[in-house]
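Read in order, the letters of the sequence shown correspond to residues 127 to 325 in this note's numbering. Positions of the beta carbon are idealized from the N, C-alpha and C atoms, including for glycine. Predicted, not measured: the structure shown is a model, and the values here were computed from it.
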Amino acid sequence: MKETQRPQQQITTAAASPFLSPIEEPQDPIMKQAYDTTLQQFGKILTPVKVFNARMPPEFWQLAAKIGELAEKLTLPKETAFLVQQHVSNMNICSFCIDIGRAVTIKASMNQAKFDALEEYRTSPLFTDAERAVLDYVTELTRNKAVNPETFARMAKYYSEREICEIVWLVASEHLYNMTNIGLNIHSDMLCDISKRKK
Numbered sequence: 127m128k129e130t131q132r133p134q135q136q137i138t139t140a141a142a143s144p145f146l147s148p149i150e151e152p153q154d155p156i157m158k159q160a161y162d163t164t165l166q167q168f169g170k171i172l173t174p175v176k177v178f179n180a181r182m183p184p185e186f187w188q189l190a191a192k193i194g195e196l197a198e199k200l201t202l203p204k205e206t207a208f209l210v211q212q213h214v215s216n217m218n219i220c221s222f223c224i225d226i227g228r229a230v231t232i233k234a235s236m237n238q239a240k241f242d243a244l245e246e247y248r249t250s251p252l253f254t255d256a257e258r259a260v261l262d263y264v265t266e267l268t269r270n271k272a273v274n275p276e277t278f279a280r281m282a283k284y285y286s287e288r289e290i291c292e293i294v295w296l297v298a299s300e301h302l303y304n305m306t307n308i309g310l311n312i313h314s315d316m317l318c319d320i321s322k323r324k325k
């Protein structure tokens, strides 16, 4: 007797579903506000908010909001900061973070060709020597969890000590988001499509 097999579409759908079911109606008033905030900002309630934050004390959502506020205090050019975050997410294969990052760059009218060419940053004429240096650093830190002194020295030619600390913080904070989403099997929310429709 042949073993009954599930249709491939059902398997794919199940694989793409978060490990925990999204909570559609939070009870905590702070989380209700969080749902409204992401709906207004992105055009939908974000899956990590419904899967992760809704199950955690509200302080965890407030931490995420605070990280967003801290990003506004960075002295790095915004495009450089987003290149760093996007590169980390690409390397960690966090499809939610890749999608939301690109959605924000679309909304901010950043150079999409540069973000499309991110995997070819070493050879693409769209990138400056400073950007190549920082992306080499980010690559080693993300992949190896260690950095060659020569790589650091090359980056340090272009960035101040404060900016270097900002780059490290961007890599670390992006890992927090990446691992949260990967660990709960949270995938893209198709936010890029929403951003493109709003342009």
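In the DSSP annotation of this structure, the continuous segment of the alpha helix (DSSP H) that includes Q166 starts and ends at P155 to F168.
A straight line joining the alpha-carbon of A279 with that of R248 spans about 17 Å. If you draw a 10 Å sphere on the C-beta of M316, you find fewer than 16 other C-beta atoms in it, and that means exposed. Excluding its 5 nearest sequence neighbours in each direction, S221 has C-beta neighbours in its own chain below 6 Å: H313 and S314, listed in chain order. In this structure, the beta-carbon distance from L296 to A207 falls below 7 Å.
With a 10 Å radius around the Cβ and a threshold of 16 neighbouring Cβ atoms, N179 comes out buried. Contact annotation, V210 with I290: C-beta distance approximately 12 Å; criterion of less than 8 Å not satisfied. Per DSSP, E287 is one residue of the alpha helix (DSSP H) stretching across E287 to G309. When the five nearest sequence neighbours on each side are left out, the beta carbons in the same chain lying within less than 6 Å of the beta carbon of D262 are those of T277, in order along the chain. In this structure, DSSP gives H213 a helical state, which the three-state scheme calls helix.
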